[in-house]
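Protein chains: 2
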Amino acid sequence: MITENSVEKFLADLASANPTPGGGSAAAIMGGMAAALIAMVCNVTLGKKGYEAAEPEMRAVLAECDRLRARLTAMVAEDVGAFEGLMAAYRLPKGTDEEKARRAVAIQSSLRRATEVPLSCARASAELIDLARRASEKGYLSVISDGGVGVLAAHAALRSAALNVYINAPALKDREFAAAAVAELERLSGAAATESESVYQLVRGKL
Amino acid sequence: MITENSVEKFLADLASANPTPGGGSAAAIMGGMAAALIAMVCNVTLGKKGYEAAEPEMRAVLAECDRLRARLTAMVAEDVGAFEGLMAAYRLPKGTDEEKARRAVAIQSSLRRATEVPLSCARASAELIDLARRASEKGYLSVISDGGVGVLAAHAALRSAALNVYINAPALKDREFAAAAVAELERLSGAAATESESVYQLVRGKL
Chain C
23 MITENSVEKF LADLASANPT PGGGSAAAIM GGMAAALIAM VCNVTLGKKG YEAAEPEMRA
83 VLAECDRLRA RLTAMVAEDV GAFEGLMAAY RLPKGTDEEK ARRAVAIQSS LRRATEVPLS
143 CARASAELID LARRASEKGY LSVISDGGVG VLAAHAALRS AALNVYINAP ALKDREFAAA
203 AVAELERLSG AAATESESVY QLVRGKL
Chain E
23 MITENSVEKF LADLASANPT PGGGSAAAIM GGMAAALIAM VCNVTLGKKG YEAAEPEMRA
83 VLAECDRLRA RLTAMVAEDV GAFEGLMAAY RLPKGTDEEK ARRAVAIQSS LRRATEVPLS
143 CARASAELID LARRASEKGY LSVISDGGVG VLAAHAALRS AALNVYINAP ALKDREFAAA
203 AVAELERLSG AAATESESVY QLVRGKL
């Protein structure tokens, strides 16, 4: 599993000319950092004097963040797998008509997977922006900047995942699926731009 | 060294109630991912047919990205050290006037360090936004989305580092240093907002 590698090795692999890991994996890690930072705000707040009323909310946000961190961490490897599947499909033989047909099916199926993984990453990141607001509204004041970093990471993860959908969608022959994916992303991105800026300003105002 | 830990362990430590690692370390890692992704665009472009004219530019951008990735990776541990130094200073005894005076000096010196590290992170991230433009203008088309993810990560790193300066600056007794740090950040943030959006749109237009 790629996320069992050290941070330094992950960064070195990202920088190399090898096509994986790439921007899709980086997006999932940014999302994972967002989930972790928002969870940290909750974990620090729980048990603090004066924050008793916030405990049920902090527990609820924490549970969602832990679930999303696990999902986003898994997506790092899923993104690598989807991209490697796509490259393998492009390398299939295309000598005969039958080979050509088989290759075309494999490419389309891989492209769909390489679109679905970043789309899931974008959805998880959009959820994290909402969770960042809840944690930043009621969380312990001295770690509130971590909620702010969380919302910035979540927004960057969402837009990064979007780029990975945009690069694959045009080659999809299933135009209905491609159009629905792009439309969903544009809806998520539009809402996220306003909401993440609002959470950032909420945090900035508390510092 | 914290960056020798696995990505999964880093995320788990970030999520825990322990104050380190926190948002400052996450900012440095986002910057490190930006440097790595922009380097990847250069590494993939070098040697590609049709991109010979871009080689000197790609080599120059790559060298800067490798330098900044090393700096930002080191900053992850520097941020943890700065924060732990600050907490240790707050825990110093304050029974006598002499102890109080020694504690106040230690707090101010630690606060300064906890401001300088994220300020360096913000400066490195601003440089990366410029490097992302150069890589995205001339880089190999099929990895151009990685340049886009790079610029999003660099911008999020800059704004995240800024939050870590804003949270420490008010407690600094050296008002001249604090004001200069905040003014520099506001200048960097203003330029970065426009420039990173412009690079993102450049990449988006090529997909």
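Just so you know, the sequences run in chain order C and E. So the number in this note's numbering is just where the residue sits in the first sequence, counting from 1, plus 22. So the number in this note's numbering is just where the residue sits in the second sequence, counting from 1, plus 22. We put the CB at the ideal spot given by N, CA and C, even for glycine.
How many angstroms separate the CA atom of residue i from the CA atom of residue j?
i, j, result
"E/Ala146", "C/Lys122", "48 Å"
"C/Gly169", "C/Ala57", "10 Å"
"C/Arg125", "C/Gly212", "36 Å"
"E/Pro192", "E/Ala184", "13 Å"
"E/Gly53", "E/Arg91", "8 Å"
"E/Glu100", "C/Glu208", "38 Å"
"C/Leu33", "E/Met55", "6 Å"
"E/Cys143", "E/Ala179", "8 Å"
"E/Leu163", "E/Ser47", "32 Å"
"E/Tyr188", "C/Ala104", "40 Å"
"C/Gly227", "E/Ala76", "45 Å"
"C/Gly69", "E/Glu106", "22 Å"
"C/Ser132", "C/Ala202", "18 Å"
"E/Leu224", "E/Ala154", "11 Å"
"E/Ile129", "E/Pro140", "17 Å"
"E/Gly45", "C/Ser167", "7 Å"
"E/Val127", "E/Asp196", "11 Å"
Could you tell me whether the Cβ of residue i comes closer than 9 Å to any Cβ of chain E?
i, result
"C/Tyr222", "yes"
"C/Pro192", "yes"
"C/Leu41", "Per the sequence shown, the amino acid found at residue 41 of chain C is Pro instead of Leu. True, the Cβ-Cβ gap to chain E drops below 9 Å."
"C/Val83", "no"
"C/Asp152", "no"
"C/Ala175", "yes"
"C/Ile24", "yes"
"C/Thr95", "yes"
"C/Ile129", "no"
"C/Glu117", "Looking at the sequence shown, residue 117 of chain C is not Glu but Gly. Not closer than 9 Å to any Cβ of chain E, the Cβ of C/Gly117 fails to qualify, so no."
Quick check: is the beta carbon of residue i nearer than 9 Å to any beta carbon in chain C?
i, result
"E/Val225", "yes"
"E/Val102", "no"
"E/Arg209", "no"
"E/Leu141", "no"
"E/Glu30", "yes"
"E/Ser9", "Nothing in the structure corresponds to residue 9 of chain E, since chain E is present only between 23 and 229."
"E/Ile189", "yes"
"E/Gly54", "yes"
"E/Leu114", "no"
"E/Gly107", "no"
"E/Ala37", "yes"
Taking residue i and residue j to be in contact with their CB atoms under 8 Å, please state how far apart those CB atoms are, rounded to whole angstroms.
i, j, result
"C/Arg181", "E/Leu150", "That belief does not hold up - the Cβ atoms of C/Arg181 and E/Leu150 are roughly 16 Å apart, past 8 Å."
"E/Thr216", "E/Val98", "At roughly 28 Å, the Cβ-Cβ gap does not stay under 8 Å, so E/Thr216 and E/Val98 are not in contact."
"C/Glu219", "C/Lys160", "That pair is no contact at about 20 Å."
"E/Ile60", "E/Ala157", "5 Å"
"E/Val171", "C/Ala136", "Going by Cβ atoms, the distance from E/Val171 to C/Ala136 rounds to 15 Å, so no, they are not a contact pair."
"E/Thr95", "C/Glu30", "6 Å"
Please state whether DSSP places residue i in a helix, a strand or coil.
i, result
"E/Ser38", "coil"
Can you pull the chain D residues whose beta carbon is under 7 Å from the beta carbon of residue i, in chain order?
i, result
"C/Asp168", "Protein chains in the displayed structure are C and E, and chain D is not among them."
The segment 54–65 of chain C contacting the segment 31–51 of chain E, beta-carbon criterion three pairs below 8 Å: By the Cβ rule, the segment 54–65 of chain C counts as touching the segment 31–51 of chain E, because three or more pairs are nearer than 8 Å.
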